[in-house]
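This report concerns only the one structure given below.
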Amino acid sequence: MDKPSKPTLALVLAAGKGTRMKSALPKVLHSLLGKPLLAHVITIVRESGVDDVVVVVGHGAELVRQAFKDSGVTFVEQPEQLGTGHAVACAESAIDEGFDNILILCGDTPLFKPQTINEFIQRHEANRNKLSLLSAKF
Numbered sequence: 002m003d004k005p006s007k008p009t010l011a012l013v014l015a016a017g018k019g020t021r022m023k024s025a026l027p028k029v030l031h032s033l034l035g036k037p038l039l040a041h042v043i044t045i046v047r048e049s050g051v052d053d054v055v056v057v058v059g060h061g062a063e064l065v066r067q068a069f070k071d072s073g074v075t076f077v078e079q080p081e082q083l084g085t086g087h088a089v090a091c092a093e094s095a096i097d098e099g100f101d102n103i104l105i106l107c108g109d110t111p112l113f114k115p116q117t118i119n120e121f122i123q124r125h126e127a128n129r130n131k132l133s134l135l136s137a138k139f
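Residues in the sequence shown are numbered consecutively from 2, following this note's numbering.
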């Protein structure tokens with residue numbers, strides 16, 4: 002798998018409460034195949050060739066930070082959970098201007114394949130897009 006040709010940052014949104022899960026545990030710490038959902042997402046983006054990972058935390062921020070303290074990711078806090086756009090805005094100060102591509106994805110989406118993310122970035126670069134959107138139908 003080729004690494005993206007331009008510097009790429011993965012911004013992982015992991016601040017939500019996960020109220021539909023009916024649990025006090027932050028949504029991204031729920032386990033899938035013995036690992037927290039967020040661990041799967043971090044692995045996927047790293048294997049896809051991104052250069053750096055920033056994780057936006059909010060609900061249960063300290064639990065998430067503690068669980069991933071040795072993961073090499075940068076954490077940014079979203080003090081109030083005011084939606085996706087607000088979460089991205091909270092991360093603005095942690096985003097280095099050296100990144101040409103910023104991949105924004107949710108910390109509770111562990112089923113993407115690294116190849117899918119990599120191909121998405123490659124296509125984004127090849128088409129010289131300013132913005133690309135990847136969706137899935139299940």
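We treat Cβ as the ideally placed atom computed from N, Cα and C, and that holds for glycine.
From a predicted model like this one, the values you see are computed outputs, not experimental measurements.
- Message: For a minimum of 3 consecutive residues, which ranges assigned as the beta strand (DSSP E) are wholly contained in the region 48 to 125?
- Response: The region 48 to 125 contains these whole beta strand (DSSP E) runs: 53 to 58, 75 to 78 and 102 to 107.
- Query: Is it true that the CB of P27 sits closer than 9 Å to the CB of K36?
  - Reply: Here residue 36 is taken as the residue at index 35 of the sequence shown, counted from 1. Here residue 27 is taken as the residue at index 26 of the sequence shown, counted from 1. No, they are not a contact pair.
- Taking the CB atoms as reference points, tell me whether L39 and A68 lie closer together than 9 Å. Taking the sequence shown and counting its residues from 1, the one referred to as residue 39 is at position 38. Taking the sequence shown and counting its residues from 1, the one referred to as residue 68 is at position 67. Taking a C-beta distance under 9 Å as the contact criterion, L39 and A68 qualify as a contact pair.
- Under the rule that 16 or more other beta-carbon atoms within 10 Å means buried, what is G61, buried or exposed? Here residue 61 refers to the residue found at position 60 when the sequence shown is read from its first residue. By the 10 Å Cβ count, G61 comes out buried.
- Meets three-Cβ-pair contact criterion under 8 Å: the region 5 to 18 and the region 109 to 127: Of all C-beta pairs linking the region 5 to 18 to the region 109 to 127, three or more are shorter than 8 Å, placing the two stretches in contact.
- A95 to A88, Cα distance in whole Å? What you label residue 95 is simply residue 94 of the sequence shown in a count that begins at 1. What you label residue 88 is simply residue 87 of the sequence shown in a count that begins at 1. Going from the Cα of A95 to the Cα of A88 covers about 12 Å.
- In the DSSP assignment, what are the bridge partners of A11? Along the sequence shown, read from residue 1 onward, the residue named residue 11 stands at position 10. Secondary-structure assignment with DSSP links A11 through a beta bridge to V54 and L104.
- Item | Spatially closest choice to A15 from S6, D53, R66 and E48, by CA coordinates | As a working mapping, residue 15 is identified with position 14 in the sequence shown. Comparing Cα-Cα distances from A15 to each of S6, D53, R66 and E48, the minimum goes to R66.
- Query: Whose C-alpha, out of A25, D97, N102 and E93, is nearest the C-alpha of L64?
  - Reply: Along the sequence shown, read from residue 1 onward, the residue named residue 64 stands at position 63. Minimum Cα distance to L64 is reached at A25.
- Message: Suppose you measure from the CA of G140 to the CA of E48; what does that come to, to the nearest Å?
- Response: Outside the shown range of the chain (2 to 139) lies residue 140, about which nothing can therefore be said.
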